[in-house]
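Just below is one structure, and these are the notes that go with it.
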Amino acid sequence: MAVTRRRFLQMGVLAAAPAAGRPSKRIAAITTSYFFRSHADDIITRELEGYWIDDRFYSPPVSIVSLYQDQIHAADVGRKLAMAYGVPVKKSIAEALTLGSGKLAVDGVILIAEHGDYPWNDKQQQLYPRFEFFSQVVDEFRRSGRAVPVYVDKHLSYD
691 MAVTRRRFLQ
701 MGVLAAAPAA
711 GRPSKRIAAI
721 TTSYFFRSHA
731 DDIITRELEG
741 YWIDDRFYSP
751 PVSIVSLYQD
761 QIHAADVGRK
771 LAMAYGVPVK
781 KSIAEALTLG
791 SGKLAVDGVI
801 LIAEHGDYPW
811 NDKQQQLYPR
821 FEFFSQVVDE
831 FRRSGRAVPV
841 YVDKHLSYD
């Protein structure tokens with residue numbers, strides 16, 4: 691049987707799903723802004739609620755255990771979804787990664803820095819703090835003496 695793009699993606703989702711009886715991976719979600727149809731909504735919400743592809747529902751393969759938002763959009767959905775799913779909203783990236791324990795307490799990080807009110811450079815590029823956020827994540831890895839996978843939604847720099 692030929693492997694189509696859809697089937698290939700489904701195989702990846704199935705492979706990422708936790709095995710029966712095993713706890714799912716604990717993920718910290720770090721974002722600049724979280725509103726309907728934002729990149730954070732497209733990615734983090736799927737990991738909270740699951741999602742449909744055609745007529746098949748996929749349960750979340752991971753557990754979002756903390757959320758950090760740098761800015762609160764006028765139409766914010768991040769805090770509402772966090773409350774609905776029992777996800778603590780943290781005041782810093784370090785707190786989101788350590789869950790207040792002082793040590794790295796997650797199995798992975800989702801980093802999305804694509805929206806928000808950030809300055810522009812002379813080339814008309816918006817200066818999202820992707821690299822700065824990533825650096826804070828790595829600093830926490832160094833403090834904890836351990837690292838975990840990091841999913842970064844975009845490139846780290848504008849130059």
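If you count by my numbering, then the sequence shown holds residues 691 to 849, one letter each, in order.
C-beta atoms are modelled at their ideal positions from N, C-alpha and C, and glycine is treated no differently.
{"query": "Inter-residue CB distance, Val799 and Val827 (contact presumed, cutoff 8 Å)", "result": "6 Å"}
{"query": "Neighbour-count burial assignment, Arg820, 16 or more Cβ in a 10 Å radius", "result": "buried"}
{"query": "Spatially closest choice to Ile717 from Ser825, His805, Val842 and Leu817, by CA coordinates", "result": "Val842"}
{"query": "Residue range of the unbroken alpha helix (DSSP H) whose run includes Phe831", "result": "Arg820 to Ser834"}
{"query": "Rounded straight-line distance, which links the Cα of Gly792 to that of Ala837", "result": "14 Å"}
{"query": "Closest Cα partner of Tyr818 within the set Leu801, Asp829 and Arg833", "result": "Leu801"}
{"query": "Bounding residues of the alpha helix (DSSP H) (the contiguous stretch that carries Leu787)", "result": "Ile783 to Thr788"}
{"query": "Bridge partners - Leu817, DSSP secondary structure assignment", "result": "BP columns for Leu817 are empty, so no partner."}
{"query": "Same chain, Cβ closer than 6 Å to Ala730, five either side skipped, listed in chain order", "result": "Thr721, Tyr724 and Ile802"}
{"query": "In DSSP terms, what Val842 is bridged to", "result": "Leu801"}
{"query": "From Tyr775, Phe831 and Arg769, residue whose alpha carbon lies closest to that of Gln920", "result": "Nothing can be reported for residue 920: it is not among the residues displayed for the chain, which extend from 691 to 849."}
{"query": "Three-state class that DSSP yields for Leu794 in the structure shown", "result": "coil"}
{"query": "Lys781 to Arg727 span [Cα, whole Å]", "result": "23 Å"}
{"query": "Beta bridge counterpart(s) of Lys780 as assigned by DSSP", "result": "Tyr758"}
{"query": "Status (buried if at least 16 other CB within 10 Å, exposed otherwise) for His845", "result": "exposed"}
{"query": "Anticipated Cβ contact below 8 Å, Ser756 with Leu794, distance rounded", "result": "Contact flag wrong, Cβ pair sits at about 12 Å."}
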